[in-house]
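Novice: Using the working numbering, the letters of the sequence shown map in sequence onto residues 1180 to 1523.
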Amino acid sequence: MGHVILFRQAVVDVETSRGICVVADYIKDGQVSSHTRELVGLGQSLSIASSRPLLAVLIGREAKSAAESIALPEMKRIFIVEDDAFERYHPETWCAVLFSLFSRIFPALILIPHNATGCDLAPRLSIELKAFAVTDCVRVQFDYGQFLFSKPIYGGNAFATLRIKAETVVATVRPRVGSPPHEHVQKPDEAPIETIHETHLPEHKVKVESVVPIEESECSLEQARVIVSGGRGMGGSEGFEVLSDVARLLGGAVGATRPAVDSGWAPASNQVGITGKIVAPDLYIAVGISGSSQHLSGMSDSGRIVAINKDPDAYIFKVSDYGVVGDWKEVLPAFISRIREFIF
Ligand SMILES: Cc1cc2nc3c(=O)[nH]c(=O)nc-3n(C[C@H](O)[C@H](O)[C@H](O)COP(=O)(O)OP(=O)(O)OC[C@H]3O[C@@H](n4cnc5c(N)ncnc54)[C@H](O)[C@@H]3O)c2cc1C
1180 MGHVILFRQA VVDVETSRGI CVVADYIKDG QVSSHTRELV GLGQSLSIAS
1230 SRPLLAVLIG REAKSAAESI ALPEMKRIFI VEDDAFERYH PETWCAVLFS
1280 LFSRIFPALI LIPHNATGCD LAPRLSIELK AFAVTDCVRV QFDYGQFLFS
1330 KPIYGGNAFA TLRIKAETVV ATVRPRVGSP PHEHVQKPDE APIETIHETH
1380 LPEHKVKVES VVPIEESECS LEQARVIVSG GRGMGGSEGF EVLSDVARLL
1430 GGAVGATRPA VDSGWAPASN QVGITGKIVA PDLYIAVGIS GSSQHLSGMS
1480 DSGRIVAINK DPDAYIFKVS DYGVVGDWKE VLPAFISRIR EFIF
């Protein structure tokens, strides 16, 4: 007797099934993050290319107004969960509500921002869904009738492009890979919002005892259009104070390499790289940084890279658009006074 494969026993809504679904990482003041907005733009172009429905899930307070702000004509449904139990990200509750939704709509592709929340959620969700997870995507395309996912491998020294044979793929995508939908796009008269009332939440195995907010620099690394980063060559925390001055003048944020963080010159939340944050500002100024693959894989998508290093053979110069060979103690004060001339 042949095998009968019961794919998934569910009543399938054809309008929303086998679609591309964007999961928002958080909602603040009734808005999704810029990273989520970029994934909506990416989802929109993939939806057009693959003729699959575009969907989104928003979890948290003020999800309804956030949903209205991202509605697009291509969007078939925006699922929202506004229950108080979802005020903050919790792996078990988020995973439970997403699992029950996805078991109903059975998406082909789930797009999640590649950050701390996304990296926690994606593998859990893919296990529950028996789906394939691909993290840290720097490109997602639809070609030859299939989705293709590109991601760095070997510590950022090479890129792999994956064609995945799976019914559902859960992908985390780096910032600035997609572009937010154009502002002038005609909004639908009414956003296709569906509220989910989840009643069967699991009992938490993980209990959050307290939440300590991380000391954020004035401008967060992920949102910053300018990042001024320092490495071991800064020599101490005083060097980072100079970097803060430059960042403040340029309206940017301060980043750091792992040795600078390990030495206590910068907080761990400022670390850029494969084990830190993945950033893609318009301008990245690397000061006293040699350019290891682990650091580059966190910032190589930056628009313009400027390096200041006293070693003319430092690898960072190979990936920079502009380079200054010199001691930062001489270069930065001159740079600061030149910026001041322009600003004031
Ligand atoms: C598993 C793993 C994960 C890692 N993850 C990360 C990560 O996420 N992010 C990360 O950054 N690193 C990471 N690392 C560490 C990484 O391998 C490198 O050691 C690190 O990036 C080097 O940091 P650096 O450029 O600050 O220091 P160095 O390589 O020591 O470079 C210092 C540079 O400063 C220059 N310099 C010195 N003095 C001056 C001066 N006065 N003026 C101007 N230039 C000066 C020097 O010429 C040199 O090029 C990881 C390593 C491992 C093994």
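Yeah, the Cβ is synthetic: ideal placement off N, Cα and C, and Gly gets one too.
1) Over the uninterrupted beta strand (DSSP E) stretch that includes Pro1292, give me the two end residues.
2) Restricting to runs no shorter than 4 residues, where is the alpha helix (DSSP H) found entirely within the segment 1194 to 1248?
3) Take the Cβ of Thr1272 as the centre, count every other Cβ of all protein chains shown within 10 Å, and call the residue buried at 16 or more, exposed below.
4) Is Ala1242 close to ligand 3? I mean its beta-carbon at under 6 Å from any heavy atom of the ligand.
5) Under 8 Å: do the segment 1206 to 1220 and the segment 1355 to 1366 share three or more Cβ pairs, one atom per stretch?
6) Which same chain residues end up closer than 7 Å to Gln1365 when comparing Cβ atoms and leaving out the 5 residues on each side of it in sequence?
7) Taking Asp1263 as the reference, give the member of Glu1377, Arg1318, Ala1435, Ala1432 with the closest Cα.
8) Taking the alpha-carbon of Val1425 as reference, which of His1474, Tyr1501, Ala1513, Ile1343 has the nearest alpha-carbon?
9) Quick one: Cα of Ser1442 to Cα of Asn1449, how far?
10) Mind checking which residues open and close the beta strand (DSSP E) that includes Arg1256?
11) Can you tell which of Val1405, Ile1249, Pro1359 has the C-alpha that lies nearest to the C-alpha of Asp1368?
12) With a threshold of 8 Å, are at least 3 pairs of Cβ atoms found where one atom belongs to the segment 1401 to 1409 and the other to the segment 1382 to 1391?
13) Under 8 Å by Cβ, that's how I've got Thr1340 and Thr1314 pegged, so tell me the actual separation to the nearest angstrom.
14) Does the beta-carbon of Ile1468, which I'm using as the reference point, lie nearer than 6 Å to any heavy atom of ligand 1?
15) For a quick check, are the C-beta atoms of Pro1359 and Arg1404 less than 7 Å apart?
16) Based on Cα-Cα distance, which residue from Leu1475, Ala1465, Glu1266 lies nearest to Tyr1501?
17) Per the DSSP calculation, Pro1331 is bridged to which residue(s)?
18) With C-beta atoms as the reference, is Glu1373 less than 7 Å away from Phe1258?
19) So, does the segment 1303 to 1322 touch the segment 1342 to 1351, judging by three or more C-beta pairs under 8 Å?
20) What number of angstroms, rounded off, separates the C-alpha of Arg1517 from the C-alpha of Leu1225?
21) Does the segment 1268 to 1286 touch the segment 1321 to 1334, meaning 3 or more C-beta pairs lie closer than 8 Å?
22) Determine the DSSP secondary structure at Ile1468, reduced to helix, strand or coil.
23) In terms of residues, what are the limits of the beta strand (DSSP E) holding Asp1322?
24) Given this structure, state the Cα-to-Cα distance separating Gly1209 from Leu1237, to the nearest angstrom.
25) Cβ of Arg1411 within 6 Å of any heavy atom in ligand 1?
26) Taking buried to mean at least 16 other C-beta atoms within 10 Å of its own C-beta, is Phe1328 buried or exposed?
Specialist: So, from the data block:
1) 1288 to 1292
2) Those alpha helix (DSSP H) runs which fall completely within the segment 1194 to 1248 and span 4+ residues are 1213 to 1229.
3) buried
4) Absent from the structure shown: ligand 3. Ligands present: ligand 1.
5) yes
6) Listed in chain order, the non-local C-beta contacts of Gln1365 below 7 Å within the same chain comprise Pro1252, local neighbours out to five positions each way being set aside.
7) Answer by Cα proximity: Glu1377.
8) Ala1513
9) Going from the Cα of Ser1442 to the Cα of Asn1449 covers about 13 Å.
10) Per DSSP, the continuous beta strand (DSSP E) segment holding Arg1256 begins and ends at 1254 to 1260.
11) Nearest option by C-alpha distance: Ile1249.
12) no
13) Actually they are not in contact, since the Cβ atoms of Thr1340 and Thr1314 sit about 15 Å apart, beyond 8 Å.
14) yes
15) Between Pro1359 and Arg1404, the CB-CB gap reaches or exceeds 7 Å.
16) Ala1465
17) Phe1338
18) yes
19) yes
20) 44 Å
21) no
22) coil
23) 1318 to 1322
24) 11 Å
25) yes
26) buried
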